[in-house]
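Remarks on the structure that follows.
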Amino acid sequence: TPQALAPACAGADLAIICVPAAVFREVIATVCPHLAPTAVLADITSVKEIPLQQMEAAWPGPVVGTHPLFGPQPDPQADQPVAIVPGAQAAQSHIELTSGFFTALGCRVFRTSAQKHDKAMARIQNMNFITSLAYFALLAGQDAILHLFTADEAVVTYGKLAMRWFCPFYFLLSILHGLAGAVRGTGASIPPMVVLLVSLCLFRVVWIQFLLPFFSGIEGVFILYPVSWGLGALLMILYAWKGKWMEYHT
Numbered sequence: 008t009p010q011a012l013a014p015a016c017a018g019a020d021l022a023i024i025c026v027p028a029a030v031f032r033e034v035i036a037t038v039c040p041h042l043a044p045t046a047v048l049a050d051i052t053s054v055k056e057i058p059l060q061q062m063e064a065a066w067p068g069p070v071v072g073t074h075p076l077f078g079p080q081p082d083p084q085a086d087q088p089v090a091i092v093p094g095a096q097a098a099q100s101h102i103e104l105t106s107g108f109f110t111a112l113g114c115r116v117f118r119t120s121a122q123k124h125d126k127a128m129a130r131i132q133n134m135n136f137i138t139s140l141a142y143f144a145l146l147a148g149q150d151a152i153l154h155l156f157t158a159d160e161a162v163v164t165y166g167k168l169a170m171r172w173f174c175p176f177y178f179l180l181s182i183l184h185g186l187a188g189a190v191r192g193t194g195a196s197i198p199p200m201v202v203l204l205v206s207l208c209l210f211r212v213v214w215i216q217f218l219l220p221f222f223s224g225i226e227g228v229f230i231l232y233p234v235s236w237g238l239g240a241l242l243m244i245l246y247a248w249k250g251k252w253m254e255y256h257t
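In terms of our numbering, the sequence shown is residues 8 to 257.
This is the structure we're talking about:
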């Protein structure tokens, strides 16, 4: 509330906004009127181009974007890098003030641009799915590997069957999650959530309830996975193509 923000922001040299992207613009619009004209407005969102645009549109003073590249409970002895992305009005003193805050916490800061940062984040996020796809591709047809994990021949038999249905189609899951992550990065979190709920939850319940009885064996369960991945990938492709997610918070 304004009553709580006014004393909290009074005299602050640096204000770091730590909220989800979906409510980011609303929050900075509430906070900015209570900041001193010389205060630095910063954020910790995981993408930088759109949040920087939003902060600079709401705040005429200095703006500095940041992104801590580690989890909420990091190992104190581990490297804790923080990306620093200066806005157009940020002077060297503003950059040093923001960097100094994280340095005092034991972090390692480095400077980059919003465009370079977001391209790197997109590549890193999708590498998780690409490497998983590579692992599944390597496992395809390598039935002997299963014996390294179990001596139960029944488990090995079902594992072989599962791999034959999962491995060739795992790329569909990378498309689904890759596009969903890209859309969520703009702040449009609801459409990917709906697609994932429909394809990976609701569709599977319907399949098990009405289609699974037509299968005589467990193949009906294994087939369900690539079919639901394909449905989700198709829905996300259609939304990424026709939806206005690139304009979500601009």
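Quick reminder that beta carbons are idealized off the backbone N, C-alpha and C, glycines included.
{"Check": "CB of T110 within 9 Å of CB of V47, strictly", "Outcome": "no"}
{"Check": "With 16 other Cβ atoms within 10 Å as the buried cut-off, status of A28", "Outcome": "buried"}
{"Check": "Secondary structure of F117, DSSP reduced to three states", "Outcome": "strand"}
{"Check": "Buried or exposed by the 16-neighbour rule on C-beta atoms within 10 Å, applied to H124", "Outcome": "buried"}
{"Check": "Contained beta strand (DSSP E) runs [length at least 3] in the segment 160-204, N- to C-terminal order", "Outcome": "none"}
{"Check": "CB of P69 within 9 Å of CB of T45, strictly", "Outcome": "yes"}
{"Check": "Cβ separation of A85 and L76, assumed to be a contact under 8 Å, to the nearest whole Å", "Outcome": "At roughly 11 Å, the Cβ-Cβ gap does not stay under 8 Å, so A85 and L76 are not in contact."}
{"Check": "Test item: CB-CB of A127 and G188 under 9 Å", "Outcome": "no"}
{"Check": "Residues sharing a beta bridge with V92, DSSP", "Outcome": "G72"}
{"Check": "Nearest-angstrom Cβ-Cβ length linking F210 and L238, presumed shorter than 8 Å", "Outcome": "6 Å"}
{"Check": "First through last residue of the beta strand (DSSP E) which encompasses V47", "Outcome": "V47 to D50"}
{"Check": "Closest residue to Y165 among A22, P175, F229 and L12 (Cα-Cα distance)", "Outcome": "F229"}
{"Check": "Enclosing beta strand (DSSP E) for A85 [first to last residue]", "Outcome": "First-last for A85: undefined, no H or E at that position."}
{"Check": "I35 (DSSP reduced to helix, strand or coil)", "Outcome": "helix"}
{"Check": "Own chain partners of P199 with C-beta closer than 6 Å, once the 5 adjacent residues on each side are dropped", "Outcome": "A187, V190 and R191"}
{"Check": "Spatial neighbours of W248 in its chain, beta-carbon cut-off 7 Å, leaving aside the 5 residues before and after", "Outcome": "none"}
{"Check": "Where L21 falls: helix, strand or coil (DSSP)", "Outcome": "strand"}
{"Check": "DSSP-derived helix/strand/coil call for K55", "Outcome": "coil"}
{"Check": "Local conformation of V30 per DSSP, three classes", "Outcome": "helix"}
{"Check": "Beta-carbon contacts of A98 that lie in its chain and below 7 Å, excluding the five residues immediately before and after", "Outcome": "P69"}
{"Check": "Of the listed residues F173, V205 and A17, nearest to E226 (C-alpha basis)", "Outcome": "F173"}
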